[in-house]
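Anchor point for the sequence shown: position 60 equals 294 in the working numbering, and the numbering is continuous, going up by one each time.
The block underneath contains the structure these notes are about, expressed in C-alpha cells.
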Amino acid sequence: MTVKRWEIISSKPNDSYGIFSFRTDRARSPRTGLTYDCYILESTPWVNVIALTPHEEVILVRQYRHGIRDLTMEIPGGLVDAHDTPEAAARRELREETGYQSDEWIPLGSVFPNPAIQNNRCYTFLARDVVYSGQQQLDEMEDIEVLYRPLKEIPDLIRGGEINHSLVLAAFFKYYLMQDTHNLLILKI
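Okay, structure coming up:
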C-alpha cells in the first residue's frame, strides 16, 4: 500500500497560549475516505545548542520543568523569535541562559519534536570554543544553573538517565553521527 498525504477539508484556529496555539483541522483519509478532526499544537521553531569549551567541556543547564514537576539536565535552547533565524536564536539562547558565546557555529540539522500533534522543528547547533562573555540574562520564568561536564562523560550521563530530555538526546545523537560511526558505539544503552 502506498501511503498518501491527507486532504485538509477545513482548518480552524482555536486558542493561543503564549508559546503554543491550538488548531483543529478536518482531514480526509485517502485510504478510507473518512474524515477526522486532527488537533495541532502550533509553535515557532525551537533551537538547542551543544556548547563546547576549548577544553572539551559541554556547557549544560539544570532547570525546573513544570510539565514533569522536576529538574532536568539539558543543553541551552529556546524559541526562535519571528525576526530571527535559527542560528541567531541559538546564539541568543546560549548567551542568555549561560553567559557564553562562540564564533564557530555548526548546524547539526533538525528534528520534528512530535509530528503527530505539533507543526514545528527543533534545530540543533554545535558551538565550538565557547567563552564566557557576561552574566546570564534569564527570563522571569527561568531558573537556570550552568553546569560543566567533560564531553567524554555525556554517554554515561545519558545511560544513567541524568540526561533524559528527548530533544537533548536527539541533539547528542546528531553530534555523534557527525563525528564518525565508531562514536555511536559509546551511546549503546
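Even for Gly, the Cβ is constructed at its ideal location relative to N, Cα and C.
> Would V314 pass as a contact of V283 if the rule is Cβ separation under 8 Å?
Replying inline: For this step, residue 314 is matched to residue 80 along the sequence shown. For this step, residue 283 is matched to residue 49 along the sequence shown. Taking 8 Å as the Cβ cut-off, V314 and V283 do not qualify as a contacting pair.
> Looking at the structure shown, is I392 part of a helix, part of a strand, or coil, going by DSSP?
Replying inline: Here residue 392 is taken as the residue at index 158 of the sequence shown, counted from 1. Correct three-state label for I392: helix.
>> With distance defined between alpha-carbon atoms, name the residue in A322, Y366, Y357, A405 nearest to G333.
In response: Position 99 of the sequence shown holds residue 333. Cα-wise, what sits closest to G333 is Y366.
> How many Å lie between R362 and S244 at the Cα?
Replying inline: In the sequence shown, counting from the first residue as 1, residue 362 sits at position 128. In the sequence shown, counting from the first residue as 1, residue 244 sits at position 10. R362 and S244: Cα-Cα distance of roughly 46 Å.
> Using the rule of at least 16 other Cβ atoms within 10 Å of the residue's Cβ for burial, across every protein chain shown, is S336 buried or exposed?
Replying inline: As a first step, residue 336 is located in the sequence shown; it is residue number 102 there, counting from the start. Burial call: buried.
> By Cβ distance below 6 Å, which residues in the same chain neighbour P247 in space, the five residues on each side in sequence not counted?
Replying inline: Position 13 of the sequence shown holds residue 247. Around P247: R257.
>> Assuming V380 and E308 are in contact, meaning their beta carbons sit under 8 Å apart, how far apart are those beta carbons, in whole angstroms?
In response: On the sequence shown, residue 380 is found 146 positions in, with the first residue counted as 1. On the sequence shown, residue 308 is found 74 positions in, with the first residue counted as 1. Contact doesn't hold; Cβ gap of about 11 Å is too wide.
>> So, with DSSP's three-state summary, where would you put M235?
In response: Counting from one through the sequence shown, the residue named residue 235 turns up at place 1. In this structure, M235 counts as coil in the three-state DSSP scheme.
> Count the other CB atoms within 10 Å of the CB of F346; is the residue buried (16 or more) or exposed (fewer)?
Replying inline: On the sequence shown, position 112 is the one that residue 346 refers to. Under this definition F346 is an exposed residue.
> When you compare each of D271, F406, H399 to L385 by their alpha carbons, which one comes out closest?
Replying inline: Working through the sequence shown from its first residue, we reach residue 385 at position 151. Looking at the Cα atoms, F406 is the closest of the given residues.
> Between the C-alpha atoms of A350 and E374, what's the straight-line distance to the nearest angstrom?
Replying inline: In the sequence shown, residue 350 corresponds to position 116, counting from 1. In the sequence shown, residue 374 corresponds to position 140, counting from 1. Looking at the two C-alpha atoms, the distance is approximately 31 Å.
> With respect to the beta strand (DSSP E) encompassing K408, which residues constitute its N-terminal and C-terminal limits?
Replying inline: Residue numbering aside, residue 408 sits at position 174 when the sequence shown is read from its first letter. Per DSSP, K408 belongs to no beta strand (DSSP E); it is in the alpha helix (DSSP H), 400-413.
> Can you name, in chain order, every residue of its own chain whose Cβ lies under 6 Å from the Cβ of L275, other than the five neighbours on each side?
Replying inline: Here residue 275 refers to the residue found at position 41 when the sequence shown is read from its first residue. F254, I351, Q352, listed in sequence order.
> So what does DSSP say about E276, is it helix, strand or coil?
Replying inline: One-based indexing of the sequence shown puts residue 276 at position 42. Here E276 sits in strand by DSSP.
> What do you get for R299, buried or exposed, if any count of 16 or more other CB atoms within 10 angstroms of its CB means buried?
Replying inline: To locate residue 299, count along the sequence shown from 1; it is residue 65. By the 10 Å Cβ count, R299 comes out exposed.
> In terms of residues, what are the limits of the beta strand (DSSP E) holding E374?
Replying inline: Here residue 374 refers to the residue found at position 140 of the sequence shown. Premise fails: E374 is in no beta strand (DSSP E) and is neither H nor E.
> Can you tell me whether DSSP reads I423 as helix, strand or coil?
Replying inline: Locating residue 423 in the sequence shown gives position 189, where the first residue counts as 1. Residue confidence is low: I423 scores 49 on pLDDT, short of 50, so the model does not pin down where it sits. No coordinate-derived value is stated.
> E241: buried (16+ other C-beta within 10 angstroms of its C-beta) or exposed?
Replying inline: Indexing the sequence shown from 1 puts residue 241 at position 7. So E241 ends up on the exposed side.
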